[in-house]
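**Q** Sharing a structure below in structure tokens format, with a few things to ask.
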């Protein structure tokens, strides 16, 4: 199942190379990308209750099979036996929603691009599907070697997406190579950390579940120097990807230069890879190191929140503003992880663990939900920016104004998305960030106060810059004939809008899923 | 009985015989039938590739005549099969005072050398069409491949010197093959002068070994200087001097100066050969020298190699950033790649684990072989049709030759070490072995260098995809031979990453002899 979800996009990319006409490619790519979406939906419905694929399980070494008891839809096959590398896939409540979101945003991105991208169509759609494979692979891999390979696979198509289809005025080639070099600079240190974990584990293994489950017996965990260095290696890769202040400088360039669908994927999924690494690797594998550094990471997270908000506020470019809002929102996610890491032992093992308002659980649940809803909301925002740009060929906020009356459907959707992003209760953005703040209050109290100021700033720049400058006021005469959203554009946005409302008013459906995995992570953290 | 021993040299002998045959045929045909001469060379290389595994797994030459080829092939299939092979019962017998051995390491490099030759020949057919002195080219090329194999098998200082000079002299001639081209002549002269100096320095180091120990045999020298630690300074000094000669072949800094000019001036198929052949053979000698002679003074040679590796990687990568000629860029890139390989040699620990430096070097060599030759095949395909060797002339290649542009991207990513490519696996093993033997700092410098190198590798790709097609540019077509070569290199670059176990078996077969040497 997971292999199918991951590799069907690759198969699609290969088929696309042999399709003759642009129209055929577009139609094929959209329909093909729905297959992983359907499979991921089925997987989400069945995954915690479905019995393990015992056929696949029989290929797994018994110790790995035992260790991955809390992952579902597992698949196992020996790959490079001399190094003990397994082809090991599996999902849990944290990766499952992100897998689903990846397939959803890919389908929407392709659907939207089919109308917008008319140059070098074959390359675009093939690269987009390869990109999808890379991202899905990261979320489903349970072997660090495999994880690293998928992590890097995503870089190459993104490099070309930014460089070829980027807007000429935004120096796309510069942004593309900057994105590539920054991310690679982080991930090579992750590679060294992965090798170090392998060498200093008994028995030698790359398996994430095994490294987590047997953590306390592993030589690397007993050696403070090695675990600190390995932690920093992983941290650098994830912090650059997130991006955490001060590693964020690639982000505004890349987001601004990328084509609309590329920005959506970049903000919606690629940033989440970093957050996913925090929760899958840093928190359960290095709780001690993370705990001792939690305050500093929390400080960086709060700087990201406040700094991101201020810089966003000073932007005159609509797309750059949305890009910086990602720095701002990702700060909350990292604050949540730092807060969970800062928990003391008795806080972790308190009896009400199953309650997701409980401190540690709230922070992690909130951070994961914030990742998910940021993907939905910011994905929507980038679509909206792109749609406006298609009509006006400018992104300068000073030229906009009065669009609420001119283009009411667009206005309504932008209003909804902006409110969701600034954290209005009842919409998706609020739930995650509220849970993060609730969780971080007990452990990182002072930082929580600063972060709350960040929320006010977020509201300020969205109200002032987005809602007031774009929607309110008097429209310039040159926009007299501005057309409203067309059917396909509405169709792109509606699924996202529905999700924003659904998570906002009834978050349990997703929180229940996340919480199952959060409990497992918290137990792993508390096992020290 | 003694004559049978020659059977062990059959890969080399086949090549030398074919080379003489080509000389003869050329004399009779007087420059006609250039394609046929190339095919003779190709057949000879294939024969030596097939013969190598047949002679590989036997301890006694008499067995070669017994009719058990079935077992032999079964054994070979087992090593190159998809599962981990158990190598425990193929320990070869060491000959005490051999000057030339046909052991596991030699066999490994015979396979590498034959494959190098085959792929370079695929690139040469188009290039040689309508040129003069075709017979000489193919004949000398076969001798160069034979010299590579013989370098790998030398276990005696004299033999090392002779084979190294053999390869050098053949390389000088091949570099200067384009007689009317000034750059080609300049390249050959430069290559020759640097080579002469490097040989002299190496000879000086050899004379110190001989003077101190009274032997030319590596194992015997090793035994003497291992027994008495007073030899430490001498051994280090002599080894450092020998490193000059070997480093010249490998293109290690500071003996790299010939490389960019020779690479640029030489005919491009020869450049492709120079970027792989001498380098690979040089590493064979370096491995024998390190593991059989100076292994006990581990602290010294680890320090020496680490420092040279750091300088080589960094200098190669930094200078490559500024190059605009693809051949020069690849020259500096290959200097940097040699630095990564040297990390592997520096991190040999004798632990016998999979992630040991000695395995890492050979895996890196195999990965580099296919990747780098593939990149040169693309350069040759473009150069043959358009004469373009400058990055700025690669504009719009994705429209003119989509397959070439995509393959070039793949090879460049492999050189930079981005998965899923063979180059990634090589880097993974090299950095892993460095951490494994406590040289984590070296691995850190290595990965920083990989990030730097990505920038110039992407500079080659960038115009292919991002720049507009130049006015009046035609689609680029290329021959079946080049297509075959490209498919082979690209498929191998992918397969080594996806299914590395056969390669790993072959590598651990090759390095098995050092289990004895390292004690």
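Protein chains in written order, with our numbering: chain R, 259 to 786; chain L, 34 to 552.
Ideal Cβ placement from N, Cα and C applies to all residues, glycine included.
Does the distance from the CB of residue 349 of chain L to the CB of residue 372 of chain L come in under 8 Å?
**A** Yes; because the gap between Cβ atoms is below 8 Å, this pair is in contact.
**Q** Please list the residues of the stretch 458–470 of chain R that have a C-beta atom closer than 7 Å to any C-beta atom in chain L, keeping them in chain order.
**A** So the list is empty, because no residue satisfies the distance condition.
**Q** I'd like the list of long-range same chain contacts for residue 438 of chain L, defined as Cβ closer than 6 Å, with 5 residues on each side in sequence excluded.
**A** 430, 431 and 497.
**Q** Could you check how far apart the C-beta atoms of residue 326 of chain R and residue 268 of chain R are, in whole angstroms? I think they sit under 8 Å.
**A** Contact flag wrong, Cβ pair sits at about 24 Å.
**Q** Can you say whether residue 264 of chain L is buried or exposed, counting buried as having 16 or more other CB atoms within 10 angstroms of its CB?
**A** Result: buried.
**Q** Can you pull the chain L neighbours of residue 352 of chain R, defined as C-beta to C-beta under 7 Å?
**A** Here the premise fails: no neighbours, minimum Cβ distance about 24 Å.
**Q** Between the C-alpha atoms of residue 609 of chain R and residue 780 of chain R, what's the straight-line distance to the nearest angstrom?
**A** Note that residue 609 of chain R scores a pLDDT of 49, beneath 50, so its modelled location is shaky; the value from the coordinates is reported in the next line. The alpha-carbon atoms of residue 609 of chain R and residue 780 of chain R are separated by roughly 12 Å.
**Q** Is there at least one Cβ from chain L nearer than 8 Å to residue 447 of chain R's Cβ?
**A** Taking Cβ atoms only, chain L reaches closer than 8 Å to residue 447 of chain R, which makes this a yes.
**Q** Is residue 564 of chain L close to chain R? Criterion is C-beta to C-beta, closer than 8 Å.
**A** Outside the shown range of chain L, which is 34 to 552, sits residue 564 of chain L, and nothing can be said about it.
**Q** Checking contacts by CB at 8 Å: is residue 552 of chain L closer than that to chain R?
**A** Annotation note: pLDDT 41 at residue 552 of chain L (below 50); position unreliable, no value reported.
**Q** Answer with buried or exposed for residue 279 of chain R, where buried requires no fewer than 16 other C-beta atoms within 10 angstroms of its C-beta.
**A** Residue 279 of chain R comes out exposed.
**Q** Measure how close the beta-carbons of residue 577 of chain R and residue 513 of chain R come, nearest whole angstrom, since I'm counting them as under 8 Å.
**A** Confirmed, about 7 Å.
**Q** Flag residue 395 of chain R as yes if its beta-carbon sits less than 8 Å from any beta-carbon of chain L, otherwise no.
**A** It does not; no Cβ of chain L falls within 8 Å.
**Q** I'd like the list of long-range same chain contacts for residue 535 of chain L, defined as Cβ closer than 7 Å, with 5 residues on each side in sequence excluded.
**A** Around residue 535 of chain L: 113, 114 and 115.
**Q** Could you have a look at residue 427 of chain L and say whether DSSP puts it in helix, strand or coil?
**A** If DSSP states are grouped into helix, strand and coil, residue 427 of chain L belongs with the helices.
**Q** Taking a cut of 8 Å between CB atoms, which residues from the stretch 323–339 of chain R lie near chain L?
**A** If the cut-off is 8 Å between Cβ atoms, the stretch 323–339 of chain R has 338 and 339 near chain L.
**Q** Closer than 8 Å between beta carbons: that is the criterion. Which residues of the stretch 466–498 of chain L meet it against chain R?
**A** Residues 468, 469, 473, 476, 477, 480, 481, 483, 484, 487, 488, 491, 495 and 498.
**Q** Rounded to whole angstroms, what's the CA-CA distance from residue 155 of chain L to residue 416 of chain L? Just pull it up for me.
**A** Cα to Cα, residue 155 of chain L sits roughly 15 Å from residue 416 of chain L.
**Q** Please report the straight-line C-alpha distance between residue 331 of chain L and residue 418 of chain L, rounded to a whole angstrom.
**A** Near 51 Å, if we compare the C-alpha coordinates of residue 418 of chain L and residue 331 of chain L.
**Q** In the DSSP output, what is residue 651 of chain R paired with across the bridge?
**A** For residue 651 of chain R, which the question treats as bridged, DSSP gives no partner whatsoever.
**Q** Leaving out five residues before and five after residue 225 of chain L in sequence, what residues of the same chain have Cβ atoms less than 6 Å from its Cβ?
**A** Answer for residue 225 of chain L: 205, listed in chain order.
**Q** Among R/441, R/714, R/366 and R/351, which one has its Cα closest to the Cα of residue 532 of chain R?
**A** If we check each option's Cα against that of residue 532 of chain R, R/441 comes out closest.
**Q** Residues of chain R with CB closer than 7 Å to the CB of residue 117 of chain L, please, in chain order.
**A** Chain R residues near residue 117 of chain L: 339 and 340.
**Q** So what's residue 415 of chain R in DSSP terms, helix, strand or just coil?
**A** If DSSP states are grouped into helix, strand and coil, residue 415 of chain R belongs with the helices.
**Q** Taking only the alpha-carbon atoms, compute the straight-line gap between residue 344 of chain R and residue 462 of chain R and give it to the nearest angstrom.
**A** So the two alpha carbons sit approximately 12 Å from each other.
**Q** The beta strand (DSSP E) with residue 346 of chain R in it runs from where to where?
**A** From DSSP, the beta strand (DSSP E) with residue 346 of chain R extends over 343–349.
**Q** In terms of residue numbering, what span does the alpha helix (DSSP H) encompassing residue 737 of chain R cover?
**A** Unbroken run through residue 737 of chain R: none, as it is neither H nor E.
**Q** Determine the direct distance from the alpha carbon of residue 342 of chain R to that of residue 295 of chain L, and round the result to whole angstroms.
**A** Their Cα atoms are separated by approximately 43 Å.
**Q** Along chain L, which residues have their Cβ under 8 Å away from the Cβ of residue 421 of chain R?
**A** 495, 498 and 499, listed in chain order.
**Q** Mapping DSSP to helix, strand and coil, what is residue 281 of chain R?
**A** Residue state, collapsed to three classes: helix.
**Q** Would residue 250 of chain L be called buried (16 or more neighbouring beta carbons within 10 Å of its own) or exposed?
**A** Burial call: buried.
**Q** Going straight from the alpha carbon of residue 333 of chain L to that of residue 378 of chain R, what length do you get?
**A** Using only the alpha carbons, I get a separation of about 56 Å.
**Q** Could you confirm whether any beta carbon from chain R is found closer than 8 Å to the beta carbon of residue 537 of chain L?
**A** So, interface residue.
**Q** Grab me the residues of residue 261 of chain R's own chain with a C-beta within less than 7 Å of its C-beta, minus the 5 sequence neighbours each way, in chain order.
**A** Result list for residue 261 of chain R: 333 and 347, in chain order.
**Q** Should residue 453 of chain R be listed as close to the ligand GDP, given that the test is whether its C-beta is under 7 Å from any heavy atom?
**A** Among the components of this structure there are no ligands whatsoever, and the ligand GDP is therefore not found.
**Q** Could you check if residue 770 of chain R is buried or exposed, using at least 16 other CB atoms within 10 Å of its CB as the buried criterion?
**A** Residue 770 of chain R comes out exposed.
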